[in-house]
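FYI, in the working numbering the residues of the sequence shown are 479 to 579.
We treat Cβ as the ideally placed atom computed from N, Cα and C, and that holds for glycine.
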Amino acid sequence: MNLHELNSEARAGRVDELNLIAIEGGDFVLEARVKGKAHPLLDAKGVRLKVHSVVDGQRLLNGLPAVPLHLVHWSVQDEMCGLHGTPEEDLKVPMPRRTAW
479 MNLHELNSEA
489 RAGRVDELNL
499 IAIEGGDFVL
509 EARVKGKAHP
519 LLDAKGVRLK
529 VHSVVDGQRL
539 LNGLPAVPLH
549 LVHWSVQDEM
559 CGLHGTPEED
569 LKVPMPRRTA
579 W
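Pasting the structure below:
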């Protein structure tokens with residue numbers, strides 16, 4: 479799904495949420511959830527869209543209809559010491575759509 483398709487789907491009310499997913503190296507990828515199914519955001523070349531900060535992600539989504547946005551970090555337990563035996567859970571935090579910067 480590209481940004482134009484995302485805008486159309488969001489205006490039609492079909493986008494449940496947007497997720498800004500932290501990936502290794504400090505970058506983020508974006509996905510839209512439509513009826514529970516993940517749709518990665520793609521650039522003009524059809525490559526998965528990558529942003530370099532939370533603020534860049536918020537700016538990229540500026541102008542889209544209001545859809546809940548979450549910051550997602552996969553399995554926080556992998557990054558922490560001493561959490562053996564703890565059920566793995568993703569960290570998913572609601573985020574404002576607009577940045578203060």
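Rounded C-alpha distance that separates residue i from residue j
{"i": "residue 487", "j": "residue 512", "result": "8 Å"}
{"i": "residue 498", "j": "residue 482", "result": "18 Å"}
{"i": "residue 492", "j": "residue 503", "result": "32 Å"}
{"i": "residue 529", "j": "residue 545", "result": "19 Å"}
{"i": "residue 522", "j": "residue 547", "result": "22 Å"}
Residue nearest to residue i in terms of C-alpha spacing, selected from the options
{"i": "residue 495", "options": "529, 549 and 525", "result": "549"}
{"i": "residue 540", "options": "480, 552 and 485", "result": "485"}
{"i": "residue 573", "options": "532, 490, 542 and 543", "result": "532"}
{"i": "residue 543", "options": "519, 490 and 569", "result": "490"}
Exposure label - residue i; buried when at least 16 CB within 10 Å
{"i": "residue 535", "result": "buried"}
{"i": "residue 510", "result": "buried"}
Proximal residues to residue i (C-beta, below 8 Å), its chain only, five neighbours per side dropped
{"i": "residue 500", "result": "506, 549, 550, 551 and 552"}
Residue interval of the beta strand (DSSP E) (run including residue i)
{"i": "residue 495", "result": "495-500"}
{"i": "residue 548", "result": "547-551"}
Beta-carbon contacts of residue i that lie in its chain and below 7 Å, excluding the five residues immediately before and after
{"i": "residue 526", "result": "507, 518 and 520"}
Own chain residues within Cβ distance below 6 Å of residue i, not counting five before or after
{"i": "residue 571", "result": "549"}
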